Every structure is written in structure tokens, then in C-alpha cells.
Amino acid sequence: MKPFNQHQIEQCKKGDRAAQKHLFESLYAPMFRVCQRYVVNTAEAEDCLMRGMMKVFQQMHTFNYTGEHSLFMWVRKVMVNESLMELRKKNNFYLMPEETVHELPDQSDVLQQMAAEDLYRLILQLPEGYRTVLNLFVVEGYSHKEIAELLNIQESTSKTQYMKAKARLKDLISINDKEMYGTLGK
Amino acid sequence: MELLENNIIQQKLNSLDTLPEGYAPSMSSKFELLMTAAPAEKKQSKWLYFIPAGIAATIALLVLVQPDTTSVDFNTQHYAGRLQHTAVIAAPVQITETPVVAVKQIRTKRTKQVSPAVQLAVAPAPVHQPEEVVVAVDTTTLLLASAPVVPQKKIRFTEVDFDDTPLNAPVVVQQTTTGKQKFSFRFNLYSTAAQSPGSQPTPVQFRKNF
Numbered sequence: 001m002k003p004f005n006q007h008q009i010e011q012c013k014k015g016d017r018a019a020q021k022h023l024f025e026s027l028y029a030p031m032f033r034v035c036q037r038y039v040v041n042t043a044e045a046e047d048c049l050m051r052g053m054m055k056v057f058q059q060m061h062t063f064n065y066t067g068e069h070s071l072f073m074w075v076r077k078v079m080v081n082e083s084l085m086e087l088r089k090k091n092n093f094y095l096m097p098e099e100t101v102h103e104l105p106d107q108s109d110v111l112q113q114m115a116a117e118d119l120y121r122l123i124l125q126l127p128e129g130y131r132t133v134l135n136l137f138v139v140e141g142y143s144h145k146e147i148a149e150l151l152n153i154q155e156s157t158s159k160t161q162y163m164k165a166k167a168r169l170k171d172l173i174s175i176n177d178k179e180m181y182g183t184l185g186k
Numbered sequence: 187m188e189l190l191e192n193n194i195i196q197q198k199l200n201s202l203d204t205l206p207e208g209y210a211p212s213m214s215s216k217f218e219l220l221m222t223a224a225p226a227e228k229k230q231s232k233w234l235y236f237i238p239a240g241i242a243a244t245i246a247l248l249v250l251v252q253p254d255t256t257s258v259d260f261n262t263q264h265y266a267g268r269l270q271h272t273a274v275i276a277a278p279v280q281i282t283e284t285p286v287v288a289v290k291q292i293r294t295k296r297t298k299q300v301s302p303a304v305q306l307a308v309a310p311a312p313v314h315q316p317e318e319v320v321v322a323v324d325t326t327t328l329l330l331a332s333a334p335v336v337p338q339k340k341i342r343f344t345e346v347d348f349d350d351t352p353l354n355a356p357v358v359v360q361q362t363t364t365g366k367q368k369f370s371f372r373f374n375l376y377s378t379a380a381q382s383p384g385s386q387p388t389p390v391q392f393r394k395n396f
């Protein structure tokens, strides 16, 4: 998380071009990652990022500083909303049909040793519905009730999609681990 | 275990603060693009502000401007004329024909009357003559009540005395027989055909279509 002090934010609110540019360059990479976790496609993620940044600068006067990470969290929320809007606009947000979820062994050790970039790449391989629910629940920290409201689905659907996403991710991790080290997990 | 896994996933994904490999955009150009796009959005928002404001002002003008008094006079005259016309129509009816014909006349005239609610709501006090209208309706009712009650039958023919002089305004009577054959006759119409110099004009033109 990028820390920003109150002085920097006040300068941005006043329209200081240098302060705005510094903010933009500092937030570009992490926010691009956030957008790409939802929309995957690089060009679409870039579009989401630019639209989100425009909203951030236009609505900067409404932001209340509560800590050095508060701006980062606020901008990330804007980016998530933009990404969800992009998914709705494309109208290709769909949930995977019901299928049996088989239990997989705990893979926390494998996850711990795994590179962040590899995990990121595996998450991008998940189906859209799985990926969206997993991102919202695990990374953004939304509850299933909030996810259901955001995506206009049932709360139980959010839970099942999350369980299936985890199962699919574990499958992918196992396959990745096998390819990397020639073993099937621990 | 699940919570631990989720925490690891969250930490690893949030730790990514660099761009992916192979993607290296020009930050300066992106920032300039953003700054040039922002004023365009502001211009658009100005128009979006003026259009609803114009619509609101138009609605306010339409609501607040008082209606012209001349138009009220015109409407009053219009309804006053209708009331006078109604009074003439609602004059007491003399039943000279058969009761069936008289009832038809009364029904036809009553449909032309202006309803009392419209008279009270629209007509001005000096012009409005509700008493006459009410009396006319009562007279009609009384006349109807005093008319001899004849059992309703299917009328197959109507007797017409050609020597009688017509007492009422021209009345068109149509009667449909059971065989769906129509005939009609009109009182008080003189024949337009060429007549001999010494002859009297026929007061009744009788047309039948059997």
C-alpha cells in the first residue's frame, strides 16, 4: 500500500499538477493490477484504470483523510467499482453452473512458497464468475451479503461460487506445482 | 486453514505494486491524456446542467403564468349559449302522437341537455338558469307519467292520418319491422316536385321503402 500524507492530498485537491502527477504515477501500477484481476484483458484494464483515475481527481474534494493508507484504499474501491461496471457493460459476467465441489488438501504451505506473480497469473485463469467472487471475498474483504448486493445475486450463490473458485484455484496450484517441481503438492 | 489460505492470497496479491512483465506504458503521456480528458468532461457536465435548468424554467413559466381573462369570458359565453339552447330544447313536450313516438322524442331531447354538474361548475351566476332546466325535466317526467300506459308490443305498422296538420317541428320517425324492412316518413315537408297552379301543396311527404 502506498502511503500518502495529508499535505500531498491537499495539494492535489487544490489542483497542483505536480502533486497530481506524483499521485497518478504512484497509484498506476497497483491499481492496474486491481483492475486486471477483474477484467483480465490489458486494454480493458487500462480503460478501467483511466476512468477510475478521472473520477478520483474529479471527486478528490469529497475525500476525507483518515490515515496514510486511506487514500490508497479509497482509490482501490473506486477501481473495483469501475471494473465491476466494465464487467456489467460487457454483459459477460456469468456464474458457472452447479457442479460438485470436491475437497482438496490444505495448500497453505504451497501458497506460502509460491511467488505472488504466479498466484496472480493463476487467478487470471479462473472463470469470470469465480474470479470476481474470489477477488471480492478474499482480497477486498467483502462479505457474501455485500457481494450478493454488488453482483445482484443470491448470498448462497456467492458462497457456492467462492467454494468452487477455491477448489479450482487449488487444482491450478497443484498443476502449477507439479509443472514447477514435479510433485503433486505436499 | 481456509482463513490462513485466504490471508496468504490477500497478502501476496496486495504486495504486487509493479506493472506486469511486458507492459510498460508511458506515465507522462497517460497523465497528459487524463488531464486533457478531464476538462472535456467538465464542458459536457455544463451542458448537462443547463438542459435540466431550461426544462425546469419552462415548466415554472407554464405553471406560474395566470390564464388570460378573455379566454375565461369566451368559455363562459360558450357554456351560456349551450345553456340557453338547452332551455329551448327542454321546453314542455306536447304528446300528440302515439306514446311510443312521444317517448322517442323525449329521449332524443334529454340527451342534448347539459348535465347539472357542468352547469354549476362552469356557467356564471347571472346567465345560469337552473330553475328552468329543472322544471323542464320535471314536466317531461310528469308528462311521461300521465301518458297512458300501453303494453309494449312489436309494432308492425304505424297509422298516419294525412289530413292532420302537423303541430310540432319536423320529426323523422323510423320504424324497423320484424322483417327488417324499413320505412320512414317526414312531417311538415312540402313536396319539391312541380305542382299544378290550382292545387294546394301537400303538407306531408310520405316516403316508404318496403
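One line per chain: the protein sequences are A and B, in this order.
Just so you know, the numbering used here puts 82 at position 82 of the first sequence, and the rest follows in order with no gaps.
All you need for the numbering used here is the position in the second sequence, starting with 1, plus 186.
Backbone N, C-alpha and C define an ideal beta-carbon position, used for all residues, glycine too.
Fair warning: this is a prediction, and the values are worked out from it, not measured in the lab.
{"Item": "C-alpha distance - E68 of chain A paired with K2 of chain A, whole-angstrom precision", "Value": "8 Å"}
{"Item": "Integer-rounded CB distance, given that L87 of chain A should sit under 8 Å from M132 of chain A", "Value": "Sequence check: residue 132 of chain A is Thr here, not Met. About 7 Å separates the two Cβ atoms, so the contact holds."}
{"Item": "Beta-carbon proximity check, Y38 of chain A vs L84 of chain A, cutoff 8 Å", "Value": "yes"}
{"Item": "Cβ neighbour criterion (16 or more within 10 Å) applied to M51 of chain A", "Value": "Reading off the sequence, residue 51 of chain A comes out as Arg, not Met. With 16 or more Cβ atoms within 10 Å of its Cβ, R51 of chain A is classed as buried."}
{"Item": "Beta-carbon gap between L126 of chain A and M79 of chain A smaller than 8 Å", "Value": "no"}
{"Item": "E82 of chain A burial status per 10 Å Cβ neighbour count (16 or more: buried)", "Value": "buried"}
{"Item": "Residues that V138 of chain A contacts on chain B, provided the C-beta gap is smaller than 7 Å", "Value": "N192, I195 and Q196"}
{"Item": "Opening and closing residue of the alpha helix (DSSP H) in which V78 of chain A lies", "Value": "S70 to K90"}
{"Item": "Residue-level contact to chain A via CB, F217 of chain B, 8 Å cutoff", "Value": "yes"}
{"Item": "Residue-chain proximity (T42 of chain A, chain B), Cβ-Cβ < 8 Å", "Value": "yes"}
{"Item": "Residues within the stretch 229-250 of chain B neighbouring chain A, beta-carbon criterion of under 7 Å", "Value": "none"}
{"Item": "CB contact below 8 Å: L122 of chain A versus chain B", "Value": "no"}
{"Item": "Neighbouring residues, chain A, relative to S201 of chain B (Cβ below 9 Å)", "Value": "A116"}
{"Item": "Residue-level contact to chain B via CB, D47 of chain A, 8 Å cutoff", "Value": "no"}
{"Item": "Neighbouring residues, chain B, relative to D106 of chain A (Cβ below 9 Å)", "Value": "M187, E188, L190 and E191"}
{"Item": "Contact belief for I237 of chain B with S108 of chain A at Cβ below 8 Å, rounded distance in angstroms", "Value": "With 8 Å as the limit, I237 of chain B and S108 of chain A do not qualify as a contact, their Cβ atoms being about 57 Å apart."}
{"Item": "Expected contact under 8 Å - CB spacing of R199 of chain A and L202 of chain B to nearest Å", "Value": "Outside the displayed range of chain A (1 to 186) lies residue 199 of chain A, so it cannot be described from this structure."}
{"Item": "Cβ separation of A224 of chain B and M54 of chain A, assumed to be a contact under 8 Å, to the nearest whole Å", "Value": "6 Å"}
{"Item": "Beta carbon proximity, F72 of chain A to chain B, threshold 8 Å", "Value": "no"}
{"Item": "With 16 other Cβ atoms within 10 Å as the buried cut-off, status of L151 of chain A", "Value": "buried"}
{"Item": "Cα-Cα separation, A45 of chain A to Y209 of chain B", "Value": "12 Å"}
{"Item": "CB of V138 of chain A within 8 Å of CB of N192 of chain B, strictly", "Value": "yes"}
{"Item": "CA-to-CA distance, A29 of chain A to R121 of chain A, given in whole angstroms", "Value": "16 Å"}
{"Item": "Boundaries of the alpha helix (DSSP H) in which G141 of chain A is found, first to last residue", "Value": "Segment: none, G141 of chain A is in no alpha helix (DSSP H) and carries neither H nor E."}
{"Item": "Reference T222 of chain B, options A:I173, A:Q58 and A:E117, closest by Cα", "Value": "A:Q58"}
{"Item": "Nearest candidate by alpha-carbon position, reference K159 of chain A, set A:A116, A:L172, A:H144 and A:I153", "Value": "A:H144"}
{"Item": "Segment limits, alpha helix (DSSP H) that includes G129 of chain A", "Value": "E128 to L134"}
{"Item": "Inter-residue Cα distance where the pair is E25 of chain A and E146 of chain A", "Value": "31 Å"}
{"Item": "Neighbouring residues, chain A, relative to T416 of chain B (Cβ below 8 Å)", "Value": "One cannot answer for residue 416 of chain B here, as it falls past the ends of chain B, which runs 187 to 396."}
{"Item": "A239 of chain B classed as buried or exposed, judged by whether at least 16 other C-beta atoms fall within 10 angstroms", "Value": "exposed"}
{"Item": "A165 of chain A and E155 of chain A closer than 8 Å at C-beta", "Value": "no"}
{"Item": "Between the CA atoms of L220 of chain B and K178 of chain A - distance to the nearest angstrom", "Value": "44 Å"}
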